[in-house]
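Undergrad:
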Amino acid sequence: MSGLRIDDQGLGRLVDTFYARIRADDELGPIFNDAVEDWPEHLAKLTDFWSSVMLTSGRYKGQPVPAHARHRSRITPALFDRWLAIWAQTTDELMEPGAAAALQDKARRIAESLQLALFFRLGPPPQQPQRQEAGAAGGAAQ
């Protein structure tokens with residue numbers, strides 16, 4: 140299978156598959172299942188969200204921060220990492236490689252924004268190898 144493209148059909152299949160996994164997840168499932176009253180309506184709204192984000196369709200009219208803030212007592216920064224891991228796995232499996240990478244990058248940025256809005260802080264930054272530049276040790280003026 141060559142993978143799905145970022146179009147309305149591909150995004151719809153991605154959202155349906157991803158949230159089926161979220162609903163079945165031991166940690167995220169109870170939160171989402173308690174929060175969402177009408178799954179078909181919610182999945183359509185999320186497909187509109189990703190269409191607006193990735194295709195600039197303008198179909199999504201919601202407010203993600205207040206929607207998540209209502210459940211702040213149950214949301215932790217670690218759960219964002221779990222959500223992102225399941226998102227990465229699902230996009231890698233279903234989407235073309237370039238589409239998967241773009242969707243993962245956008246999801247990371249959205250997760251950072253939501254964490255800042257909910258907790259006023261980000262999770263720990265990813266570990267990056269330290270580089271030493273020539274002359275860096277003696278760079279301070281004496």
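In terms of our numbering, the sequence shown opens at residue 140 and continues consecutively.
Every residue gets a Cβ at the ideal spot worked out from N, C-alpha and C, and that includes glycine.
Taking only the alpha-carbon atoms, compute the straight-line gap between GLN243 and TRP178 and give it to the nearest angstrom.
TA: 23 angstroms
Undergrad: Output the boundary residues of the alpha helix (DSSP H) element that contains VAL154.
TA: 147 to 163
Undergrad: Taking the runs of the beta strand (DSSP E) that are 3 residues or longer, which of them lie wholly in the stretch 165 to 222?
TA: none
Undergrad: Can you find the residues in the same chain that come closer than 6 angstroms, C-beta to C-beta, to TYR199, ignoring five residues on each side of it along the sequence?
TA: Once the five neighbours on either side are set aside, the close Cβ partners of TYR199 are ASP187, PHE188 and SER191.
Undergrad: With MET234 and GLY151 assumed to form a contact (beta carbons below 8 angstroms), what rounded beta-carbon distance in angstroms separates them?
TA: The beta-carbon separation of MET234 and GLY151, rounded to 12 angstroms, does not stay under the 8 angstroms limit for a contact.
Undergrad: Suppose you measure from the CA of THR156 to the CA of PHE259; what does that come to, to the nearest Å?
TA: Approximately 31 angstroms, taken between the alpha carbons.
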